[in-house]
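A.B. asks: First the structure, which I've put down as C-alpha cells, then a few questions once you've had a look.
There are 2 protein chains.
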Amino acid sequence: MTHPFQELIDHLPANARSELSLAKGEFLFRQQQPAAAIFAIISGRIRLFRDLPDGSSVTLHVARSGETFAEAALFAENYHCHAQAELETKVMRLNSRPLLEAIALHKDLGLHLSQILAAQVRDMRAMLCLRDIRSADERLLAWLRMKARGEQMNVAIDRPWAGISEELGLTKEAVYRSLTRLQREGLIERADRQGRERSEVIRLMRRP
Amino acid sequence: MTHPFQELIDHLPANARSELSLAKGEFLFRQQQPAAAIFAIISGRIRLFRDLPDGSSVTLHVARSGETFAEAALFAENYHCHAQAELETKVMRLNSRPLLEAIALHKDLGLHLSQILAAQVRDMRAMLCLRDIRSADERLLAWLRMKARGEQMNVAIDRPWAGISEELGLTKEAVYRSLTRLQREGLIERADRQGRERSEVIRLMRRP
DNA sequence: CGATAATTTGATCAATATCAAATATCGTGG
DNA sequence: CCACGATATTTGATATTGATCAAATTATCG
Chain A
24 MTHPFQELID HLPANARSEL SLAKGEFLFR QQQPAAAIFA IISGRIRLFR
74 DLPDGSSVTL HVARSGETFA EAALFAENYH CHAQAELETK VMRLNSRPLL
124 EAIALHKDLG LHLSQILAAQ VRDMRAMLCL RDIRSADERL LAWLRMKARG
174 EQMNVAIDRP WAGISEELGL TKEAVYRSLT RLQREGLIER ADRQGRERSE
224 VIRLMRRP
Chain B
24 MTHPFQELID HLPANARSEL SLAKGEFLFR QQQPAAAIFA IISGRIRLFR
74 DLPDGSSVTL HVARSGETFA EAALFAENYH CHAQAELETK VMRLNSRPLL
124 EAIALHKDLG LHLSQILAAQ VRDMRAMLCL RDIRSADERL LAWLRMKARG
174 EQMNVAIDRP WAGISEELGL TKEAVYRSLT RLQREGLIER ADRQGRERSE
224 VIRLMRRP
C-alpha cells in the first residue's frame with residue numbers, strides 16, 4: 024500500500040519514521056499530550072475523539088487502512104484529541120521535527136504537503152456533497168459517477184460493498200437494494216461478478 | 024470577514040489578487056480550462072460540478088460565503104470541474120503564479136498553506152463523522168458538543184438554524200424539533216433568545 | 001407599522017434502518 | 001480436489017424516523 028505521503032517519506036531521514044503496533048484498545052496518543060508526530064495507518068483502525076469539559080466525548084474521525092491522520096498536529100503544541108486503536112493496528116509514525124526540518128530545507132516538500140492536503144480537502148468536500156443526497160439510489164449513482172474512469176464510465180469495485188456502504192452513510196442492505204434497482208432501471212450494468220479476482224465492475228449506462 | 028487565507032493574502036503582491044463579481048448563473052471557470060487561480064467567496068454561492076463522459080454531471084461542492092475553493096488547482100494544469108455562481112456572487116481571486124512564487128521565496132508561507140489545509144481536513148473529517156450519526160438528536164448534540172467552548176459548554180448560534188440544518192444534513196424542521204426534545208430532556212438550555220444581537224446561546228448540560 | 005424572514009407545531013408519507021434468514025462465494029486445511 | 005467455516009451477497013418483513021407539505025406564530029428591519 025502506497026500512501027499519498029510516500030514521496031514525503033522518501034525524502035526523510037530514516038530516523039524520522041517508525042512503525043508502531045498497537046493492541047486493540049491501546050492509545051496511540053492522548054489529548055493534551057505534546058504533539059510530536061503525524062501518522063499513517065498501515066493496517067487496523069484508529070478512532071480519534073475528544074473529551075469535553077462536561078465529561079462527554081465526541082468522535083472526530085475513524086481512520087482506516089491507508090489513511091493519514093493528525094496532520095494538524097504538525098502545527099500544534101499538543102494533540103487536541105485521543106487516538107485509540109479499535110483493533111490490533113499498525114501505524115507509520117512520522118516525527119514532526121525532522122519532517123518540518125526537511126520541509127524547511129527542501130521547499131518543494133512544503134508544496135508537496137500542501138498538494139496532498141488540498142487533494143484530501145477536495146475529495147472530502149465531494150464526500151460531504153454526496154451525503155447531502157438523500158435518496159440512496161441517487162447517492163450511490165453519484166458515487167459511482169465520481170469514481171467512474173474513462174469514456175466507458177466503468178467503476179472497479181475492489182472491496183466489499185459493506186465498506187462502501189459505510190463510506191456512503193448507508194447500510195449494506197440499502198446499497199444492495201439500490202444496486203438491483205439501478206440495474207433494473209438500466210442505469211448500471213454489473214459485470215465480472217464471478218471473477219476469481221474477487222472484483223466486480225460496474226458500468227454506468229449512457230442515459231443522462 | 025477574515026478568511027483563513029488572510030495571512031497568505033497579506034504577503035502577496037497587490038496584483039496577485041483581485042475581486043470579481045459574478046451574475047447568477049455565470050461561470051467563474053470551466054472544466055478543462057487552464058488552472059490559474061484559487062478563490063475565496065466574499066458573498067454569494069458557487070457550485071462546483073464536473074461533466075462526465077456520459078453527458079451527466081456530479082456536484083462536487085457548494086462553496087459559500089467565507090469559504091475557499093479550488094485549492095487543488097494550484098497544483099493542476101487545468102480545472103477539473105466547472106464553477107458556476109448560483110446567486111449574484113463576489114469572489115476574491117488569488118493567482119496561482121504569484122502565490123507559488125511567494126511561497127517559493129518565503130518558505131513559511133508554504134507551511135502556512137499546509138496549516139490552513141490541514142485544519143480544513145480536520146474540520147471536514149469531523150463533519151463527515153457527524154453525518155455518520157443517524158439520529159437527528161444525537162447528530163445535533165454531537166455538533167453542539169464540537170462547537171462548545173469553555174468550561175461552561177456554551178455554543179453561540181450566530182446564524183439562522185436553517186443554515187445549520189443544511190450543514191448537519193437535516194431539514195430545519197428536524198433540527199427545531201430536536202432542539203425542543205433535547206431541551207425537554209434537560210440536555211440543553213436555550214438562552215438569550217430575544218437579544219437584539221439576533222444571536223442565541225445554547226448551553227450543554229452536564230449529563231454524560 | 002408593515003413586510004419579510006425565522007421559528008414553531010402539526011399531519012402524513014416514503015424511505016431507509018433494523019432484524020432475520022437464506023444463498024453464494026472464498027479461503028483453507030485436510 | 002473437496003469439505004467446511006467465514007465472509008459476502010441477497011431477499012424479506014417491519015418499524016422508525018426524518019422528509020415533506022402546510023400553516024401559524026414570532027421576531028426583525030426599514
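So the protein sequences, as listed, match chains A and B. Residues 24 to 231 in our numbering are what the first sequence spells out, letter by letter. Residues 24 to 231 in our numbering are what the second sequence spells out, letter by letter. Even for Gly, the Cβ is constructed at its ideal location relative to N, Cα and C.
1) What did DSSP end up calling Gln107(B) once you bin it into helix, strand or coil?
2) Buried or exposed: where does Met24(A) fall if 16 or more other Cβ atoms within 10 Å of its Cβ makes it buried?
3) Give a yes or no on contact between the stretch 59 to 68 of chain B and the stretch 128 to 143 of chain B, applying the rule of three or more CB pairs nearer than 8 Å.
4) Which of the three DSSP states, helix, strand or coil, is assigned to Phe72(A)?
5) To the nearest angstrom, report how far apart Gln107(B) and Arg204(A) are at their CA atoms.
6) Could you run through the stretch 198 to 214 of chain A and flag, in chain order, every residue whose CB is less than 9 Å away from some CB of chain B?
7) How far does the beta strand (DSSP E) with Leu227(A) in it extend, from its first residue to its last?
8) Just the chain A side, please: which residues come within less than 7 Å of Phe98(B) by C-beta, in chain order?
9) Helix, strand or coil: which one does DSSP assign to Lys113(A)?
10) Have a look at the DSSP bridge pairing and note the partners of Ala60(A).
11) Taking all protein chains shown into account, decide if Met150(A) is buried (16 or more other Cβ within 10 angstroms of its Cβ) or exposed.
12) Do you know whose CA, among Ser44(A), Ile126(A), Thr194(A), lies nearest Trp184(A)'s CA?
13) Looking only at C-alpha atoms, which of Arg148(B), Leu117(B), Gly209(B) sits nearest to Gln29(B)?
14) Can you list, in chain order, the stretches of the alpha helix (DSSP H) that have 4 or more residues and sit fully within the stretch 182 to 216 of chain A?
15) Let me know the secondary structure DSSP gives Leu31(B) once reduced to three states.
16) Any beta-carbon of chain A closer than 7 Å to the one on Val81(B)?
17) Whose C-alpha, out of Arg226(A), Gln54(A), His103(A), is nearest the C-alpha of Lys170(A)?
18) Could you check which residue in Ala99(B), Val144(B), Lys113(B), Val81(B) has the C-alpha nearest to that of Ser88(B)?
19) Within the same chain, show all residues whose beta-carbon is closer than 6 Å to that of Arg154(B), passing over the 5 residues directly before and after it, in chain order.
20) Suppose you measure from the CA of Glu223(A) to the CA of Asn177(A); what does that come to, to the nearest Å?
21) In the DSSP assignment, what residue or residues form a beta bridge with Ala179(B)?
22) When DSSP labels each residue in this structure, what does Ile65(A) get in the three-state scheme?
23) To be precise: take each residue of the stretch 59 to 81 of chain B, compare its Cβ to all Cβ atoms of chain A, and keep it if any distance is under 7 Å. Which residues remain?
24) Going by the DSSP bridge assignment, what does Ala159(A) pair with across the sheet?
25) Are there 16 or more other CB atoms within 10 angstroms of the CB of Glu94(A), so buried, or fewer, so exposed?
26) Within a Cβ cutoff of 6 Å, which residues of the same chain sit near Ala58(A), ignoring the five residues on either side of it in sequence?
27) Exposed or buried, what is His129(A) when buried is set at 16 or more other beta-carbons lying within 10 Å of its beta-carbon?
28) Kindly indicate which three-state DSSP category Arg40(A) falls into: helix, strand or coil?
29) Looking at the unbroken beta strand (DSSP E) that takes in Leu153(B), where does it start and where does it end?
30) Comparing the C-beta of Lys170(B) with each C-beta of chain A, is any distance below 7 Å?
31) Between which two residues does the beta strand (DSSP E) carrying Ser79(A) extend?
32) Using a Cβ cut-off of 8 Å, pull out every chain B residue sitting near Gly192(A), in sequence order please.
33) If you measure from the beta carbon of Leu227(B) to each beta carbon in chain A, is any gap under 7 Å?
34) Using a cut-off of 9 Å between C-beta atoms, extract the partners of His84(B) located in chain A.
35) Quick one: list the residues of chain B neighbouring Glu94(A), beta-carbon separation under 7 Å, in chain order.
36) Residues of chain B with a CB under 7 Å from the CB of Leu134(A): which are they?
C.D. replies: With the structure as the only source:
1) strand
2) The predicted model places Met24(A) with a pLDDT of 48, which falls under 50 and marks its position as unreliable, so this point remains unresolved.
3) no
4) strand
5) 32 Å
6) none
7) 223 to 227
8) Gln138, Ala141
9) strand
10) Asn118(A)
11) buried
12) Thr194(A)
13) Leu117(B)
14) 184 to 191, 195 to 207
15) helix
16) yes
17) Arg226(A)
18) Lys113(B)
19) Gly192
20) 10 Å
21) Val224(B)
22) strand
23) Leu75, Pro76, Asp77, Gly78, Ser79, Val81
24) Paired residue(s): none; Ala159(A) is not in a bridge.
25) buried
26) Ala96, Ala99, Asn101, Tyr102
27) exposed
28) strand
29) Looking at the DSSP string, Leu153(B) is not in any beta strand (DSSP E); the run it does join, the alpha helix (DSSP H), is 130 to 154.
30) no
31) Counting along the chain, Ser79(A) falls outside any beta strand (DSSP E), and DSSP gives it neither H nor E.
32) Arg154, Asp155
33) yes
34) Arg145, Arg148, Ala149, Leu151, Cys152
35) Ala141, Val144
36) Ile126, Gly133
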